[in-house]
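First up is the structure itself, then whatever we jot down about it.
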Amino acid sequence: MGVREILEKERLERADLITLLEAKDEEKKLLFEKATAVKLAEIGNKVHFRGLVEFSNICGKDCYYCGIRKSNKATHRYNVTDEQILDAARFAFENAYGSLVMQAGELESPAFTLRVENLLKEIKKLSKGKLGITLSLGEQSREVYERWFKAGAHRYLLRIETSNPALYQRYHPTDTLHDYARRLTCLKTLQRIGYQTGTGVMIGLPFQDTGDMADDLLFMKEFNIDMVGMGPYIEHKDTPLYAYRNQLLPIEERFDLALKMIATLRILMKDINIAAATALQAIDPLGREKSIKVGANIIMPNITPGKYRNDYALYENKPCVDEEPEECKNCLDVRIQLADGEIGYDEWGDSKHFHKRLAGE
Ligand code: SAH
Ligand code: SF4
Numbered sequence: 002m003g004v005r006e007i008l009e010k011e012r013l014e015r016a017d018l019i020t021l022l023e024a025k026d027e028e029k030k031l032l033f034e035k036a037t038a039v040k041l042a043e044i045g046n047k048v049h050f051r052g053l054v055e056f057s058n059i060c061g062k063d064c065y066y067c068g069i070r071k072s073n074k075a076t077h078r079y080n081v082t083d084e085q086i087l088d089a090a091r092f093a094f095e096n097a098y099g100s101l102v103m104q105a106g107e108l109e110s111p112a113f114t115l116r117v118e119n120l121l122k123e124i125k126k127l128s129k130g131k132l133g134i135t136l137s138l139g140e141q142s143r144e145v146y147e148r149w150f151k152a153g154a155h156r157y158l159l160r161i162e163t164s165n166p167a168l169y170q171r172y173h174p175t176d177t178l179h180d181y182a183r184r185l186t187c188l189k190t191l192q193r194i195g196y197q198t199g200t201g202v203m204i205g206l207p208f209q210d211t212g213d214m215a216d217d218l219l220f221m222k223e224f225n226i227d228m229v230g231m232g233p234y235i236e237h238k239d240t241p242l243y244a245y246r247n248q249l250l251p252i253e254e255r256f257d258l259a260l261k262m263i264a265t266l267r268i269l270m271k272d273i274n275i276a277a278a279t280a281l282q283a284i285d286p287l288g289r290e291k292s293i294k295v296g297a298n299i300i301m302p303n304i305t306p307g308k309y310r311n312d313y314a315l316y317e318n319k320p321c322v323d324e325e326p327e328e329c330k331n332c333l334d335v336r337i338q339l340a341d342g343e344i345g346y347d348e349w350g351d352s353k354h355f356h357k358r359l360a361g362e
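Okay, so the sequence shown: first residue is 2 according to my numbering, each after it adds one.
Shown next as structure tokens:
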């Protein structure tokens, strides 16, 4: 079956998804046009901001793909002070960003739990409860997730990285800290607690094919996920996975595949929030805007204080590392307009899917 026929179907099967992910030229254009139409019809052209604070690159884990993994001794480790995190939150609030994402390396400790809990309360206070808060702090116990939820976080991003357990194993050390089953349990716990729950995958990893990626999309659908942030895998020279760089698709093809993943997901899950991943911009300066055109509706401007940005190097060529938040904002206003989007200032921009899920629809 061709792309045109598939795009008219009510229900997409695995084989259909693979065909869409492999679409080229005219057929790819059809896929993108359909995704744009679905987005406009279901959620409109609004783009919502989540000011991203990458507050520490200290990490207890050793994922084989990531530049700030524990064993990378070349990384200069930093921890943004509480004061600076609150300043960044104030900046987001005053500039009507609507929401904040707090992301960092993964640490599990009572001191870390308490620090985040206190920060959440402070951010809620300084924004009079108005700033929405997403956390992206990896795997934690149910008790920790509950404490943070009570303190004011209402969304959580935990990428499954790949939905194929055998592949997951190849990208991580074999130990209890890097266990696929635990990651999945954490995602389920987040959903049960009441978080708007987000996941995602990397696209174009070594050993991964379009069948795996179709399975990733089906995983998101079956899981009934509310939000997705997914982007291309970009190799980092100080990581074990770098040894397989010769097996990777050329970077432009990984970029293209990421856009097709976003477009296909928009058609598969019409009312969820989809983020324009920063990794897209690392490949193409207009990468995030291109993804907005084909289905994404969330953008995460980096509001980490400038001097730390270079050190949050998950992958190479991270964009905007030299800019201060103010410059970032001006540049984004223009960019979103270029992508035919309209910024939803001062709004949370919750996932429509989440509210429908709660209402049992
Ligand atoms: N420590 C937390 C959050 C920070 S990492 C966690 O792991 O959940 C955030 C995301 O960065 C990861 O989920 C992973 O998908 C992505 N990432 C890490 N290394 C990457 C790379 N080399 N290329 C692209 N994305 C990468
Ligand atoms: Fe740490 Fe997250 Fe990087 Fe894994 S992906 S090494 S948990 S920061």
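Here a beta-carbon is modelled for each residue, glycine too, at the ideal position from N, C-alpha and C.
The structure presented is a predicted model; accordingly, all values stated were derived computationally and were not measured.
DSSP places P233 inside the beta strand (DSSP E), whose first and last residues are M228 to P233. Beta bridge pairing from DSSP links M203 with G232. Between the region 56 to 64 and the region 344 to 359 there are fewer than three C-beta pairs closer than 8 Å, too few to call the two in contact.
With a cutoff of 8 Å on beta-carbon distance, N274 and D227 are scored as near each other. Only buried fits T114, as 16 or more other CB atoms lie within 10 angstroms of its CB.
In the DSSP assignment, I134 forms a beta bridge with L101.
The three-state reading of DSSP puts H77 in coil, since its state is none of H, G, I, E or B. At a threshold of 7 Å, S142 does not count as near ligand 1, since its beta carbon sits no closer than that to any of the ligand's heavy atoms. The Cβ neighbour count for T190, taken over all protein chains shown within 10 Å, is at least 16; the residue is labelled buried.
Measuring C-alpha to C-alpha distances from R255 to each of L206, N96 and D213 identifies L206 as the nearest. According to DSSP, R156 shares a beta bridge with T135 and Q197. Along the region 22 to 68, the alpha helix (DSSP H) occurs as fully enclosed runs of 4 or more residues at 26 to 43, listed in sequence order.
The shortest C-alpha to C-alpha distance from L132 to any of A314, M231 and L87 is the one to L87. Taken atom to atom, the span from the alpha-carbon of E14 to that of L218 is near 11 Å.
In this structure, V102 places its C-beta atom within 8 Å of the C-beta atom of V54. For F224, the closest alpha carbon among the candidates H77, Q197 and D26 is that of Q197. Membership of N119 in the alpha helix (DSSP H) is indicated by the continuous run P111 to L127. Taking the C-beta atoms as reference points, R78 is found no nearer than 8 Å to E118. Here DSSP, grouped into helix, strand and coil, assigns E84 to helix. A distance below 7 Å between beta-carbons, with the five flanking residues on each side excluded, links Q248 to the following residues of its chain, in chain order: P207.
No Cβ-Cβ contact shorter than 8 Å links L31 with T265.
With fewer than 16 other Cβ atoms inside 10 Å of its own Cβ, L41 counts as exposed.
Of the candidates P241, A97, S142 and G212, the residue whose Cα lies closest to the Cα of I344 is A97. E162 is bridged by DSSP to V202. Restricting attention to L21, K271, K47 and G3, the CA atom closest to the CA of D341 is found in K47. The region 289 to 300 and the region 64 to 76 do not touch, with fewer than three beta-carbon pairs separated by less than 8 Å. Distance between D210 and T200, taken at the CA atoms: about 19 Å.
Beta-bridge annotation (DSSP): E144 is not paired with any residue. Looking at I337, D285 and I124, the one whose alpha-carbon comes closest to that of G153 is I124.
Under the three-state reduction of DSSP, A314 is assigned to coil, being neither helix nor strand.
Here I44 has D272, N298 and K353 as same chain residues with Cβ atoms under 7 Å from its own Cβ, once five neighbours each way along the sequence are excluded. N274 carries a strand assignment under DSSP once its states are collapsed to helix, strand and coil. Between I235 and A283, the C-beta spacing is below 8 Å. When only Cα atoms are considered, K222 and I204 end up about 17 Å apart. Taking 8 Å as the cut-off, the Cβ atoms of L188 and L159 count as close. The C-beta of S142 has fewer than 16 other C-beta atoms within 10 Å across all chains shown, which makes the residue exposed.
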